[in-house]
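Protein chains: 2
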Amino acid sequence: MSLLDRIRTCQIWDRARYRPFRIAGQAVGWVREDFAERLREFPKLFRISAAAVDLDPGLTGFEQRSTASAEALLVLKEQGLVPGWRNEPYPVGGDFYTPPLMQMERAAVPLFGVRAYGVHVNGFVGSGDDQRLWVGKRAANKQTAPGKLDHLVAGGQPMGLSLMENVIKESAEEAGMDAALAGRARPVGFVSYITERSEGLRNDICFAFDIALPDSFVPRNTDGEIESFSLWPIAEVRKRMAETEDFKFNVALVNIDFLIRHGHLSPDEPGYVDLVEGLRL
Amino acid sequence: MSLLDRIRTCQIWDRARYRPFRIAGQAVGWVREDFAERLREFPKLFRISAAAVDLDPGLTGFEQRSTASAEALLVLKEQGLVPGWRNEPYPVGGDFYTPPLMQMERAAVPLFGVRAYGVHVNGFVGSGDDQRLWVGKRAANKQTAPGKLDHLVAGGQPMGLSLMENVIKESAEEAGMDAALAGRARPVGFVSYITERSEGLRNDICFAFDIALPDSFVPRNTDGEIESFSLWPIAEVRKRMAETEDFKFNVALVNIDFLIRHGHLSPDEPGYVDLVEGLRL
Chain F
1 MSLLDRIRTC
11 QIWDRARYRP
21 FRIAGQAVGW
31 VREDFAERLR
41 EFPKLFRISA
51 AAVDLDPGLT
61 GFEQRSTASA
71 EALLVLKEQG
81 LVPGWRNEPY
91 PVGGDFYTPP
101 LMQMERAAVP
111 LFGVRAYGVH
121 VNGFVGSGDD
131 QRLWVGKRAA
141 NKQTAPGKLD
151 HLVAGGQPMG
161 LSLMENVIKE
171 SAEEAGMDAA
181 LAGRARPVGF
191 VSYITERSEG
201 LRNDICFAFD
211 IALPDSFVPR
221 NTDGEIESFS
231 LWPIAEVRKR
241 MAETEDFKFN
251 VALVNIDFLI
261 RHGHLSPDEP
271 GYVDLVEGLR
281 L
Chain C
282 MSLLDRIRTC
292 QIWDRARYRP
302 FRIAGQAVGW
312 VREDFAERLR
322 EFPKLFRISA
332 AAVDLDPGLT
342 GFEQRSTASA
352 EALLVLKEQG
362 LVPGWRNEPY
372 PVGGDFYTPP
382 LMQMERAAVP
392 LFGVRAYGVH
402 VNGFVGSGDD
412 QRLWVGKRAA
422 NKQTAPGKLD
432 HLVAGGQPMG
442 LSLMENVIKE
452 SAEEAGMDAA
462 LAGRARPVGF
472 VSYITERSEG
482 LRNDICFAFD
492 IALPDSFVPR
502 NTDGEIESFS
512 LWPIAEVRKR
522 MAETEDFKFN
532 VALVNIDFLI
542 RHGHLSPDEP
552 GYVDLVEGLR
562 L
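From first to last, the protein sequence lines stand for chains F and C.
Its first residue numbered 1, the first sequence is counted upward by one per residue in the working numbering.
Its first residue numbered 282, the second sequence is counted upward by one per residue in the working numbering.
In structure tokens form, the structure reads like this:
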């Protein structure tokens with residue numbers, strides 16, 4: 001077991017089994033071959049070939065595409081094919097800065113291999129070998145990754161909020177932080193990956209934020225999603241990540257980036273180059 | 282002009298014009314087609330085809346390959362084809378952590394598109410909007426990038442030193458720093474690129490280091506390679522990089538990574554994702 005194993009977990013993708021999912025000719029995701037066959041049930045909505053899954057080009061515009069797709073997804077949901085429905089619309093298509101081509105229920109996003117975005121906030125105290133990191137333990141009843149170790153604050157990026165607005169909203173809900181404190185979070189880059197998980201293909205950009213916290217700060221979860229928080233010596237974070245899968249898969253990736261950026265890993269040690277190269281697609 | 286232009290400068294490579302350079306069947310670099318034709322002058326050393334340039338497989342072992350290649354490079358040097366000879370052997374092949382397959386004069390490395398390594402040390406004071414960065418101006422008589430703006434300390438990675446040993450050696454030569462101070466440099470990742478420059482194909486990993494400096498520190502160049510140093514407000518560094526090519530091409534890339542890691546750029550601003558994705562191959 002090693003940190004590199006945490007990277008490899010984010011690189012599990014047999015591309016040959018996937019077909020591009022396209023809207024208006026633009027590739028916006030990846031559909032696995034077996035799910036593509038299930039989509040033949042909706043011939044008015046999807047054009048399925050061995051090469052690709054295209055949304056019907058007759059559907060033009062955000063609203064029309066979103067409404068038609070939502071009807072099909074509800075049928076699939078009834079068939080048990082979209083577990084964990086959340087009623088959270090996610091944007092589909094475009095890049096992060098251009099208007100999306102449609103929206104789609106979050107639970108269906110991995111089934112279409114659509115790129116999703118999230119904010120990942122690491123709260124720390126001190127620096128160097130004495131640095132400590134706040135680690136959350138996800139509630140046992142969380143839908144995804146129950147009981148896994150997490151950041152101080154993290155959340156998916158919904159429609160209609162800026163990343164920084166989302167950091168502030170999630171910081172209040174997950175850690176009881178007021179906007180003045182949460183606003184001190186600094187953006188520090190992102191990690192990205194495409195990897196197969198039980199829910200489908202995760203094609204994510206995790207925007208990373210660091211927040212230097214005073215010794216006096218103690219997080220307090222308000223939405224029931226985090227069972228407990230504790231402040232870990234950085235060496236313990238590293239050891240636990242290297243030796244176990246206790247951290248949620250993408251939290252581990254963001255935390256390896258944290259270890260790199262804060263100088264906790266040496267580039268003279270074999271494996272460093274592979275670790276860094278594995279942080280982004 | 283924008284920071285993204287600095288990224289694009291590090292992505293100029295018409296791969297179709299290059300052939301893999303192989304040693305013992307392992308691809309270790311890229312040779313441009315015109316230079317490949319010149320290498321036909323050495324039929325005992327290179328096997329040239331439309332698909333690749335192979336070092337003669339009859340040459341086995343580091344010493345034999347290095348000696349035979351050095352003889353050919355001296356002939357090419359006499360023909361004016363290896364400008365800027367430095368008498369600095371660089372490792373060729375293997376990854377950064379495994380023994381190289383041979384060594385090669387540094388000036389020839391871009392002609393064979395061999396991966397090279399360097400250390401790039403940013404010295405800074407303060408944090409947030411008040412952060413300031415030490416900027417060096419390269420001497421007018423420097424062989425590469427004369428007069429361009431540079432880090433506090435940077436240098437190519439020679440055979441036989443660890444990265445941290447090289448940081449300490451270069452910090453003494455370039456900025457007059459003692460080992461105790463230079464040893465406080467923290468490794469923070471790397472940038473990488475393959476791009477065409479006048480000297481050939483640069484296929485580099487630049488290991489980045491940050492060093493937080495006291496206000497009282499003033500660098501002092503001892504090897505004549507840096508003409509002057511000054512402490513720039515971080516906003517000035519950003520502006521100069523966005524609006525000019527005054528920073529050496531790879532220094533700009535490392536500095537964009539610095540801006541990202543220290544929270545000076547917002548992921549809510551269009552272009553951020555492209556910038557970050559452009560920092561590494």
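For every residue, glycine included, the Cβ atom is placed at its ideal position computed from N, Cα and C.
_Tell me which residues share the same chain as C/L414 and place their Cβ nearer than 7 Å to its Cβ, disregarding the 5 neighbours each side in the sequence._
N403, F405, W513, I515 and V518
*Quick one: any contact between the segment 182 to 190 of chain F and the segment 237 to 248 of chain F, if contact means 3 or more CB pairs under 8 Å?*
no
*asked:* Less than 7 Å between CB atoms is the rule here; does F/L163 satisfy it with respect to chain C?
replied: yes
*Run down chain F in chain order and give the residues with a C-beta less than 9 Å from the C-beta of C/P551.*
D95, F96, Y97 and T98
*Is the CB of C/P439 under 7 Å away from at least one CB in chain F?*
no
*asked:* Is there a C-beta anywhere in chain C that falls below 7 Å from the one on F/R132?
replied: no
_the segment 441 to 470 of chain C: positions lying closer than 7 Å to chain F by Cβ_ = S443, L444, M445, R467, P468, V469 and G470
*Can you check DSSP and say which residues form a bridge with C/A308?*
C/R303
*asked:* Taking only three categories from DSSP, how would you classify F/F229?
replied: strand
*asked:* Just to make sure I have the definition right: I need the residues of chain F whose C-beta is within less than 8 Å of the C-beta of C/I486. Which are they?
replied: V273
*Is the beta carbon of C/K418 sitting closer than 7 Å to the one on C/E508?*
yes
*Would you mind telling me which residues of chain F sit closer than 7 Å to C/V557, beta carbon to beta carbon, in chain order?*
G189 and F190
*With a 10 Å radius around its C-beta and 16 neighbouring C-beta atoms as the bar for buried, classify F/P110 as buried or exposed.*
buried
*For C/R313, which residues does DSSP report across the bridge?*
C/Y299
*Of all Cβ atoms in chain F, is any one closer than 7 Å to the Cβ of C/I492?*
no
*Leaving out the 5 sequence neighbours to the left and right, which residues in its chain are closer than 8 Å to C/Q307 when beta-carbon positions are compared?*
G374 and L382
*Check whether the Cβ atoms of C/P468 and F/G263 lie closer than 7 Å to each other.*
yes
*Do the CB positions of C/R313 and C/V334 come within less than 7 Å of each other?*
no
_Residue environment, C/E455, which counts as buried when at least 16 other CB atoms sit within 10 Å_ = buried
*Answer yes or no: do C/L534 and C/L540 have a C-beta to C-beta separation smaller than 7 Å?*
no
*asked:* Among the candidates F/N141, F/F112 and F/L163, whose CA atom is the shortest distance from the CA of F/R202?
replied: F/F112
*Would you tell me roughly how many angstroms separate the C-alpha atoms of F/C206 and C/P439, rounded to the nearest one?*
36 Å
_Collapsed DSSP secondary structure at F/M282 in the structure displayed_ = One cannot answer for residue 282 of chain F here, as it falls past the ends of chain F, which runs 1 to 281.
*Return the first residue and the last residue of the beta strand (DSSP E) that F/L201 is part of.*
G200 to A212
*What's the call for F/L279, buried or exposed, on a 16-neighbour Cβ count within 10 Å?*
buried
*Of all the CB atoms in chain C, is at least one closer than 7 Å to the CB of F/P233?*
no
*Going along chain F in order, which residues have a C-beta closer than 9 Å to the C-beta of C/G622?*
Summary: the structure shown does not reach residue 622 of chain C, with chain C confined to residues 282 through 562, and so no result is reported for it.
*Please classify C/A397: is it buried, with 16 or more other beta-carbons within 10 angstroms of its beta-carbon, or exposed?*
buried
*asked:* My output table needs one value for C/L414: the three-state DSSP class, helix, strand or coil.
replied: strand
*For C/E480 and C/I293, the rounded distance between their alpha carbons*: 13 Å
*Are the C-beta of C/P548 and some C-beta of chain F separated by less than 7 Å?*
yes
*CA-to-CA distance, F/E71 to F/T60, given in whole angstroms*: 16 Å
_Start and end residues, alpha helix (DSSP H) containing C/T348_ = F343 to E359
*For my contact list, F/G156 and F/G118 are in at a C-beta cut-off of 8 Å; report their separation, rounded to the angstrom.*
5 Å
*Residue of F/R8, F/F35, F/A16 and F/F46 minimising C-alpha distance to F/I23*: F/F46
*Could you tell me whether the Cβ atoms of F/S66 and F/Q103 are closer together than 7 Å?*
yes
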